[in-house]
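Enquirer: Going line by line, the protein sequences match chains Y and U.
Number 34 in this note's numbering belongs to position 34 of the first sequence; there are no gaps in the numbering.
Number 1252 in this note's numbering belongs to position 252 of the second sequence; there are no gaps in the numbering.
Protein chains: 2
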Amino acid sequence: MWARYADFKQTLFELITIGYEILDGRILNTNSKWLAENITAMGGKVTRMVTVGDSIKDISSSIREALKRKVDWIITSGGLGPTYDDLTLQGVAKAINRRLVLNKTAYEMLKERYRMLAEKGVVESPELTPARLKMAMLPRGAKPLRNRVGSAPGVLLKYGKTWVACLPGVPSELYSIFDEELKPLLLKTIRKVFRIDKTLNIRKVAESSLAPKIEQIIRKYHGVYVKTHPKTIEGGISRIEIQISVMSNKEEHAIEKADYVEKIIKDIVVDMGGELEATEH
Amino acid sequence: MWARYADFKQTLFELITIGYEILDGRILNTNSKWLAENITAMGGKVTRMVTVGDSIKDISSSIREALKRKVDWIITSGGLGPTYDDLTLQGVAKAINRRLVLNKTAYEMLKERYRMLAEKGVVESPELTPARLKMAMLPRGAKPLRNRVGSAPGVLLKYGKTWVACLPGVPSELYSIFDEELKPLLLKTIRKVFRIDKTLNIRKVAESSLAPKIEQIIRKYHGVYVKTHPKTIEGGISRIEIQISVMSNKEEHAIEKADYVEKIIKDIVVDMGGELEATEH
Chain Y
1 MWARYADFKQ
11 TLFELITIGY
21 EILDGRILNT
31 NSKWLAENIT
41 AMGGKVTRMV
51 TVGDSIKDIS
61 SSIREALKRK
71 VDWIITSGGL
81 GPTYDDLTLQ
91 GVAKAINRRL
101 VLNKTAYEML
111 KERYRMLAEK
121 GVVESPELTP
131 ARLKMAMLPR
141 GAKPLRNRVG
151 SAPGVLLKYG
161 KTWVACLPGV
171 PSELYSIFDE
181 ELKPLLLKTI
191 RKVFRIDKTL
201 NIRKVAESSL
211 APKIEQIIRK
221 YHGVYVKTHP
231 KTIEGGISRI
241 EIQISVMSNK
251 EEHAIEKADY
261 VEKIIKDIVV
271 DMGGELEATE
281 H
Chain U
1001 MWARYADFKQ
1011 TLFELITIGY
1021 EILDGRILNT
1031 NSKWLAENIT
1041 AMGGKVTRMV
1051 TVGDSIKDIS
1061 SSIREALKRK
1071 VDWIITSGGL
1081 GPTYDDLTLQ
1091 GVAKAINRRL
1101 VLNKTAYEML
1111 KERYRMLAEK
1121 GVVESPELTP
1131 ARLKMAMLPR
1141 GAKPLRNRVG
1151 SAPGVLLKYG
1161 KTWVACLPGV
1171 PSELYSIFDE
1181 ELKPLLLKTI
1191 RKVFRIDKTL
1201 NIRKVAESSL
1211 APKIEQIIRK
1221 YHGVYVKTHP
1231 KTIEGGISRI
1241 EIQISVMSNK
1251 EEHAIEKADY
1261 VEKIIKDIVV
1271 DMGGELEATE
1281 H
């Protein structure tokens, strides 16, 4: 009756985060969550997130692995700044066998940026020192993405059929470049997919009792994804959140399918003696 | 004068998180941060974090990649529960070419658990249904790790020289199994490393001006890691957090080295006209 999941072709993304401060457990990787949320909302699918340290070897191996998996997009965050351990572009260049060359547009962006910072007295001189010039050294063929919030431009390039975008690790800079520079291109290239998500909160049914019935639904109705999240057991009453996702190339099909699956699951829960909690929609 | 970084051998970890809810951007990967923080505090080093979806293919490929890199430990989180899309153990079994077999100890743990849940009225029957039994099917040779908070036991096995530990995704269960079951083993096997971290907060020096001087220090004093984090520019004044980490096999060497490097950096900042802010130690 309904198309299989496999019938929907989604644009695939891998997110690579660069920075020892994440591997150390010093900071939470909120950049990946933010990117994933935005990509998912646009109809894209993040298939893997990887975090590596500020090491050319680890950065390039993570890029190479993602390229081998033939994803449509690789988005990196972190490691674009002026310091000796900002190594992302060196890692990317190594992975795709391209040289780092001075990019004129990036050079102009940085010249303008440091002229402004010097005027404001933030830096003592507008001079493009080697550390600052480093941010204009992009892999050959790459295009800089204007950074309206900080100094390091983002970087965009294509390798085979894969787009590679490198964004800074400072969240406000990442958000800005993504929204203003990358999003228009993403919206043009991402394959359209309509996805409907529904959440049911139920009580008094154990996840392990529900599991085989959910499995039957998934097997019967392809193109439907159902996940149960056990919540705390309070006063001997188990609570489960059920996430229903359905996807289709046509919006009306997705809505119809989601309503139908929701109804089936509600009926099962009630049949098992469970209770439905009120949910916001 | 001081030993090179390379002289310190650290126990290496890769963390693999399993779950589409992270790739979707629905939830933040706090488990990896928590694990990394604890591992770092014990002297271990997390070299990579990977998140994949609830797919046997993706789980097994991420395990295989980590095994190829010959890390000492792989710790997975998520995908151990009773539902059809809890596929971690199938992925691990596939990666290391072992069968899933009913583990007697895990079976006893689950029997005891569901007897207790049925007594409390949380589940209607203590019966070990196929979905519940699934949690006792471990890769051959694996050992279950008692879960005092939830149902699914953790799993521990060794493959070649690499330990593989699989923990549940529910944070409270992950914390409990890590602290009570895994930590004693980790403390026994992790190579001792003393690490001193210092943080300096400075003002009125631009990161790009400081970068080349920091680089000189790193090149001169091997075994020392310095990272600068630019903070917001407020009213035209740039602020930078400088993280200094030094490591050694001997505690007194680490302390001595850290004090020395801190002094050098403070002198440089003052020479450049910058200011030091008060820092908590």
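Each residue gets a CB set at the ideal place from its N, CA and C atoms; glycine is no exception.
Just so we're clear, the structure is a prediction, and the values are computed from it rather than from any experiment.
So with CB distances below 7 Å, who are the chain Y contacts of I1218 (chain U)?
Expert: The residue given as residue 1218 (chain U) occupies position 218 in the second sequence. Neighbours of I1218 (chain U) on chain Y, chain order: Y84.
Enquirer: With 9 Å as the limit, tell me which residues of the segment 64 to 96 of chain Y have their beta carbon closer than that to any beta carbon of chain U; keep them in chain order.
Expert: Within the segment 64 to 96 of chain Y, the qualifying residues are E65, R69, G81, P82, T83, Y84, D85, D86.
Enquirer: Around the Cβ of K250 (chain Y), are there at least 16 other Cβ atoms within 10 angstroms (buried) or fewer (exposed)?
Expert: Locating residue 250 (chain Y) in the first sequence gives position 250, counting from the first residue. With fewer than 16 Cβ atoms within 10 Å of its Cβ, K250 (chain Y) is classed as exposed.
Enquirer: Please determine, among Y:I268, Y:W73, Y:I190, Y:S245, the residue with the shortest C-alpha to C-alpha distance to L157 (chain Y).
Expert: Within the first sequence, the letter at position 157 stands for residue 157 (chain Y). Here the closest residue by C-alpha is Y:W73.
Enquirer: For chain A, is any of its Cβ atoms less than 8 Å away from the one on D24 (chain Y)?
Expert: The structure shown has no chain A; the protein chains it does contain are Y and U.
Enquirer: Answer yes or no: does any C-beta atom of chain U fall closer than 8 Å to that of K9 (chain Y)?
Expert: Indexing the first sequence from 1 puts residue 9 (chain Y) at position 9. Not one chain U Cβ lies under 8 Å of K9 (chain Y).
Enquirer: Please identify the residue among Y:E173, Y:N147, Y:S62 whose C-alpha is closest to the C-alpha of E282 (chain Y).
Expert: Absent from the structure is residue 282 (chain Y), since the part of chain Y shown begins at 1 and ends at 281.
Enquirer: So, I1056 (chain U) versus I1016 (chain U), is the Cβ gap smaller than 8 Å?
Expert: Indexing the second sequence from 1 puts residue 1056 (chain U) at position 56. Indexing the second sequence from 1 puts residue 1016 (chain U) at position 16. Not a contact, by the Cβ cut-off of 8 Å.
Enquirer: Return the CA-CA distance between A1093 (chain U) and N29 (chain Y), expressed in angstroms with no decimal places.
Expert: The residue given as residue 1093 (chain U) occupies position 93 in the second sequence. The residue given as residue 29 (chain Y) occupies position 29 in the first sequence. Each residue's Cα considered, the two are about 29 Å apart.
Enquirer: Would you kindly work out how many angstroms separate the C-alpha atoms of S209 (chain Y) and P1130 (chain U), rounded to a whole number?
Expert: On the first sequence, residue 209 (chain Y) is found 209 positions in, with the first residue counted as 1. On the second sequence, residue 1130 (chain U) is found 130 positions in, with the first residue counted as 1. Going by the C-alpha atoms only, they are around 10 Å apart.
Enquirer: Since I292 (chain Y) and Y1084 (chain U) should fall inside the 8 Å C-beta cutoff, what is the C-beta to C-beta distance between them, to a whole number of angstroms?
Expert: Residue 292 (chain Y) is absent from the model: chain Y starts at 1 and stops at 281.
Enquirer: Using beta carbons (cut-off 8 Å, strictly below), is A142 (chain Y) in contact with chain U?
Expert: In the first sequence, the residue the question calls residue 142 (chain Y) occupies position 142. No, A142 (chain Y) does not count as interfacial toward chain U.
Enquirer: Counting only runs that start and end within the segment 188 to 275 of chain Y, where is the beta strand (DSSP E) found for 3 or more residues in a row?
Expert: List check, beta strand (DSSP E) in window: 194 to 203, 224 to 234, 237 to 248.
Enquirer: Counting only beta-carbon atoms, is M1247 (chain U) nearer than 8 Å to chain Y?
Expert: Counted from its first residue, the second sequence places residue 1247 (chain U) at position 247. M1247 (chain U) does not count as touching chain Y.
Enquirer: Scan the segment 35 to 54 of chain Y for residues whose Cβ lies nearer than 9 Å to a Cβ of chain U and list them as they occur along the chain.
Expert: So the list reads L35, A36, E37, N38, I39, T40, A41, K45, V46, T47, R48, M49, V50, T51, V52, G53, D54, given in the order they occur along the chain.
Enquirer: In chain order, what are the residue ranges of uninterrupted alpha helix (DSSP H) at least 4 long that sit wholly in the segment 1053 to 1087 of chain U?
Expert: Correct list: 1056 to 1068.
Enquirer: What does R1132 (chain U) touch in chain Y if you count any residue whose Cβ is under 8 Å from its own?
Expert: Residue 1132 (chain U) sits at position 132 when you count from the first residue of the second sequence. The contacting residues are S208.
Enquirer: Which whole-angstrom value describes the C-beta separation of Y159 (chain Y) and L67 (chain Y), a residue pair presumed to lie in contact below a C-beta threshold of 8 Å?
Expert: Against the first sequence, residue 159 (chain Y) aligns to sequence position 159. Against the first sequence, residue 67 (chain Y) aligns to sequence position 67. That pair is a contact at about 7 Å.
Enquirer: With distances taken between CB atoms, is the gap from I237 (chain Y) to V226 (chain Y) smaller than 8 Å?
Expert: Against the first sequence, residue 237 (chain Y) aligns to sequence position 237. Against the first sequence, residue 226 (chain Y) aligns to sequence position 226. No, they are not a contact pair.
Enquirer: What span of residues does the beta strand (DSSP E) with M137 (chain Y) cover, start to end?
Expert: Start at 1 with the first residue of the first sequence, and residue 137 (chain Y) comes out as number 137. Per DSSP, M137 (chain Y) belongs to the beta strand (DSSP E) from 137 to 139.
Enquirer: Which residues in chain U sit within 9 Å of K33 (chain Y), going by Cβ to Cβ distance?
Expert: In the first sequence, residue 33 (chain Y) corresponds to position 33, counting from 1. Simply I1022, G1025, R1026, I1027, L1028, N1029.
Enquirer: Starting from I18 (chain Y), follow the beta strand (DSSP E) in both directions and report where the run begins and ends.
Expert: Taking the first sequence and counting its residues from 1, one reaches residue 18 (chain Y) at position 18. It spans 12 to 18 - the beta strand (DSSP E) in which I18 (chain Y) sits, taken as one unbroken run.
Enquirer: At 9 Å on the CB atoms, spell out the chain Y contacts of K1227 (chain U), in chain order.
Expert: If you number the second sequence from 1, residue 1227 (chain U) lands on position 227. Going along chain Y in sequence order, the residues near K1227 (chain U) (Cβ under 9 Å) are G19, Y20, E21, D54, T83, D85.
Enquirer: If A165 (chain Y) sits next to G154 (chain Y), beta carbons under 8 Å apart, how far is it from one beta carbon to the other, in whole angstroms?
Expert: Counting from 1 along the first sequence, the entry for residue 165 (chain Y) is found at position 165. Counting from 1 along the first sequence, the entry for residue 154 (chain Y) is found at position 154. The Cβ separation is near 7 Å, so the contact holds.
Enquirer: Within 10 Å of its beta-carbon, does M1116 (chain U) have 16 or more other beta-carbons around it, so buried, or fewer, so exposed?
Expert: For the purposes of this step, residue 1116 (chain U) is taken as the residue at position 116 of the second sequence. With fewer than 16 Cβ atoms within 10 Å of its Cβ, M1116 (chain U) is classed as exposed.
Enquirer: Which partner residues of E1277 (chain U) appear in the DSSP bridge assignment?
Expert: Taking the second sequence and counting its residues from 1, the one referred to as residue 1277 (chain U) is at position 277. Its beta-bridge partners are U:N1201.
Enquirer: Among Y:K257, Y:L276, Y:A258, which residue has its Cα nearest to the Cα of K266 (chain Y)?
Expert: Position 266 of the first sequence holds residue 266 (chain Y). Among Y:K257, Y:L276, Y:A258, the Cα nearest to that of K266 (chain Y) is on Y:L276.
Enquirer: Would you grab the beta carbon distance between V71 (chain Y) and T162 (chain Y) for me? Rounded to a whole angstrom, and I think it's under 8 Å.
Expert: Taking the first residue of the first sequence as position 1, residue 71 (chain Y) is located at position 71. Taking the first residue of the first sequence as position 1, residue 162 (chain Y) is located at position 162. 6 Å between Cβ atoms; contact.
Enquirer: Using DSSP with H/G/I as helix, E/B as strand and the rest coil, what is A142 (chain Y)?
Expert: By 1-based counting over the first sequence, the position of residue 142 (chain Y) is 142. Residue state, collapsed to three classes: coil.
Enquirer: Starting from the beta carbon of P230 (chain Y), find every residue of chain U whose beta carbon is closer than 8 Å, and list them in chain order.
Expert: Looking up residue 230 (chain Y) in the first sequence gives position 230. The answer, in chain order, is G1081, G1150, V1170.
Enquirer: Anything in chain U within Cβ reach of V123 (chain Y), meaning under 8 Å, just list it in chain order.
Expert: Along the first sequence, one-based indexing puts residue 123 (chain Y) at 123. Those within 8 Å of V123 (chain Y) in chain U are A1206, S1208, S1209, S1238.
Enquirer: How would you list, in chain order, the residues of chain U whose beta-carbon sits under 7 Å from the beta-carbon of I233 (chain Y)?
Expert: Residue numbering aside, residue 233 (chain Y) sits at position 233 when the first sequence is read from its first letter. Those are V1122, listed as they occur along chain U.
Enquirer: Can you find a CB in chain Y that lies within less than 8 Å of the CB of T1129 (chain U)?
Expert: Sequence index remark: in the second sequence, residue 1129 (chain U) carries index 129 (1-based). By this cut-off, T1129 (chain U) is an interface position.
Enquirer: Quick one: Cα of G1081 (chain U) to Cα of P1144 (chain U), how far?
Expert: To locate residue 1081 (chain U), count along the second sequence from 1; it is residue 81. To locate residue 1144 (chain U), count along the second sequence from 1; it is residue 144. Computed Cα separation, rounded: 14 Å.
Enquirer: Should P184 (chain Y) go down as buried or exposed, given a rule of 16 or more other Cβ atoms within 10 Å for buried?
Expert: Taking the first sequence and counting its residues from 1, one reaches residue 184 (chain Y) at position 184. Its Cβ having fewer than 16 others within 10 Å, P184 (chain Y) is exposed.
Enquirer: Please report the distance separating the alpha-carbon of V52 (chain Y) from that of I75 (chain Y).
Expert: Here residue 52 (chain Y) is taken as the residue at index 52 of the first sequence, counted from 1. Here residue 75 (chain Y) is taken as the residue at index 75 of the first sequence, counted from 1. Approximately 13 Å between the Cα atoms of the pair.
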